[in-house]
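Let me begin by presenting the structure, written as structure tokens, before commenting on it.
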Amino acid sequence: MDMSLSHLDGRGHVRMVDVGAKDETRRFARAWGQVHMAKDTIEKVTAGTFVKGDVLAAARVAGIMAAKQTGTLIPLCHPLPLSYVGIELLPLVDGKKIIIVAEAGVTGKTGIEMEALTAVSVAALTVYDMCKAVDKQMSIDSIALLEKYGGRSGHYLNPDFAVAVTTSNPLELRLGMEMRLTKRNNDYLLECHDNAKGEVCFVMERLPGFMAHFGAGEMPCRPSAGVFLLGESVLKLLPLSPGQETASLSVAKAGVVGSGDIFAVLC
Numbered sequence: 002m003d004m005s006l007s008h009l010d011g012r013g014h015v016r017m018v019d020v021g022a023k024d025e026t027r028r029f030a031r032a033w034g035q036v037h038m039a040k041d042t043i044e045k046v047t048a049g050t051f052v053k054g055d056v057l058a059a060a061r062v063a064g065i066m067a068a069k070q071t072g073t074l075i076p077l078c079h080p081l082p083l084s085y086v087g088i089e090l091l092p093l094v095d096g097k098k099i100i101i102v103a104e105a106g107v108t109g110k111t112g113i114e115m116e117a118l119t120a121v122s123v124a125a126l127t128v129y130d131m132c133k134a135v136d137k138q139m140s141i142d143s144i145a146l147l148e149k150y151g152g153r154s155g156h157y158l159n160p161d162f163a164v165a166v167t168t169s170n171p172l173e174l175r176l177g178m179e180m181r182l183t184k185r186n187n188d189y190l191l192e193c194h195d196n197a198k199g200e201v202c203f204v205m206e207r208l209p210g211f212m213a214h215f216g217a218g219e220m221p222c223r224p225s226a227g228v229f230l231l232g233e234s235v236l237k238l239l240p241l242s243p244g245q246e247t248a249s250l251s252v253a254k255a256g257v258v259g260s261g262d263i264f265a266v267l268c
């Protein structure tokens, strides 16, 4: 694979890459980030008591608008006719932070990861702007690409945060459904019970890098802050019971999961 910087010409000068000869393909990218804040601040966010208005709604709209302006904001990005932008903001009161996940899609000749990353960044900055009057110690971090696909590079998963799952039974996860994270031989499993399909299992060959210590018998992350993506759904880590040996997760946002979807840790 050619690892040279495509934005530099033979003399080392920056340029906008010529993508005219590339085929148009369906492209998708998903990115995430988080805003840390005081507990009093996030309680105000969830209660909707800020004078400026609805913090989460403003951040969502700002992120979508920013994605559409990426070609203007980032000098060497190509302007793309976006077909889809979606943003999820997940406030965690006990974790004292807001997790932001952005998705973008297009049929085009170049990747769309910059649009997803820009959407997360501007949504996070908007949260800061909306809340800075009461909390100037907020911080923004962990902005990273989770996955992208389309074009010659195929499907990329950020190994620190995400892995692909396989299953013989695609399933629509319902709100409140519980799942167990276990290890069997060399595989990691997410297991749940469905009234129609019985026991359903999602298999992973490994865990995301930030959960690697789970293989040593520890829990994957702090119970107060554990948030995960599984396909279209969002999972939250449940509090641990005394003597509990497996991690349990609850579906906080319903969605469909099938083979090839991702399991991503956002904690």
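In this text, residue positions in the sequence shown follow the working numbering: the first is 2, and each later residue adds one.
Yeah, the Cβ is synthetic: ideal placement off N, Cα and C, and Gly gets one too.
Practice prompt. Just tell me which of Leu-81, Pro-80, Ala-134, Gly-72 has its CA closest to the CA of Thr-50.
Written response: Ala-134
Worksheet item: Quick one: what does DSSP say Gly-72 is sitting in, helix, strand or coil?
Response: Helix at Gly-72.
Worksheet item: In three-state terms, what does DSSP make of Asp-41?
Response: helix
Discussion item. Helix, strand or coil, according to DSSP, for Gly-64 in the structure here?
Written reply: helix
Worksheet entry | Coarse secondary structure for Thr-168, derived from DSSP in three states | coil
Worksheet item: How should Val-252 be labelled, buried or exposed, when 16 other C-beta atoms within 10 angstroms of its C-beta is the threshold for buried?
Response: buried
Worksheet item: With DSSP run on the structure shown, which of helix, strand or coil describes Thr-119?
Response: helix
Worksheet item: When the Cα of Ala-67 is compared with those of Gln-35, Leu-126, Ser-260, which residue comes out closest?
Response: Leu-126
Discussion item. Going by beta-carbon coordinates alone, are Glu-89 and Val-102 separated by less than 8 Å?
Written reply: Taking 8 Å as the Cβ cut-off, Glu-89 and Val-102 qualify as a contacting pair.
Practice prompt. Quick one: residues in its chain with C-beta nearer than 6 Å to the C-beta of Thr-26, no 5 flanking neighbours on either side, listed in chain order?
Written response: Gly-151, Gly-152
Worksheet item: What does DSSP give as the partner residues of Gly-256 in its beta bridges?
Response: DSSP, once it has assigned bridges, lists Leu-174 as partnering Gly-256.
Worksheet item: Residues in its own chain within less than 8 Å of Ile-144 by CB, not counting five upstream and five downstream?
Response: Ala-32, Trp-33, Gly-34, Leu-118, Val-121, Ser-122, Ala-125
Worksheet entry | Per-residue DSSP class, three states only, for Gly-151 | Here Gly-151 sits in coil by DSSP.
Discussion item. Tell me the DSSP secondary structure of Leu-126 in three-state form.
Written reply: helix
Worksheet item: Are Val-52 and Pro-92 close, meaning C-beta to C-beta below 8 Å?
Response: For Val-52 and Pro-92, no; Cβs fall outside 8 Å.
Worksheet item: Roughly how many angstroms lie between the CA atoms of Asn-187 and Lys-97, to the nearest whole one?
Response: In a straight line, the C-alpha of Asn-187 is about 35 Å away from that of Lys-97.
Worksheet item: For the candidate residues Arg-181, Ser-84, Ala-197, Lys-198, whose alpha-carbon lies nearest to that of Leu-190?
Response: Arg-181
Discussion item. Our contact map puts Ala-163 next to Phe-264 with C-beta atoms below 8 Å; I'd like the distance itself, whole angstroms only.
Written reply: 7 Å
Worksheet item: Residues in its own chain within less than 6 Å of Glu-233 by CB, not counting five upstream and five downstream?
Response: Cβ neighbours of Glu-233 beyond the five flanking positions: Gly-256, Val-257.
Item to complete: For Arg-223, collect the residues of the same chain with a Cβ closer than 6 Å to its Cβ; drop the 5 residues on either side in sequence, then sort them by chain order.
Response: The pLDDT assigned to Arg-223 is 38, lower than 50, so where the model puts this residue is not dependable, and the model offers no usable value.
Worksheet item: What is the DSSP secondary structure of Leu-146, reduced to helix, strand or coil?
Response: strand
Worksheet item: In terms of residues, what are the limits of the beta strand (DSSP E) holding Phe-264?
Response: 263 to 266
Worksheet item: What distance in whole Å lies between the Cβ atoms of Val-266 and Met-212, which are believed to be in contact at a cut-off of 8 Å?
Response: 5 Å
Worksheet entry | Length of the line joining the Cα atoms of Pro-76 and Arg-185 | 48 Å
Worksheet item: In three-state DSSP terms, what is Met-212?
Response: helix
Worksheet item: When we look at the beta-carbon of Arg-28 and count the other beta-carbons within 10 Å, is it buried (16 or more) or exposed?
Response: The residue in question, Arg-28, is buried, as its Cβ has 16 or more Cβ neighbours within 10 Å.
Fill in: For Met-131, three-class secondary structure by DSSP
helix
Item to complete: Indicate the three-state DSSP secondary structure (helix, strand or coil) for Thr-247 in the structure shown.
Response: coil
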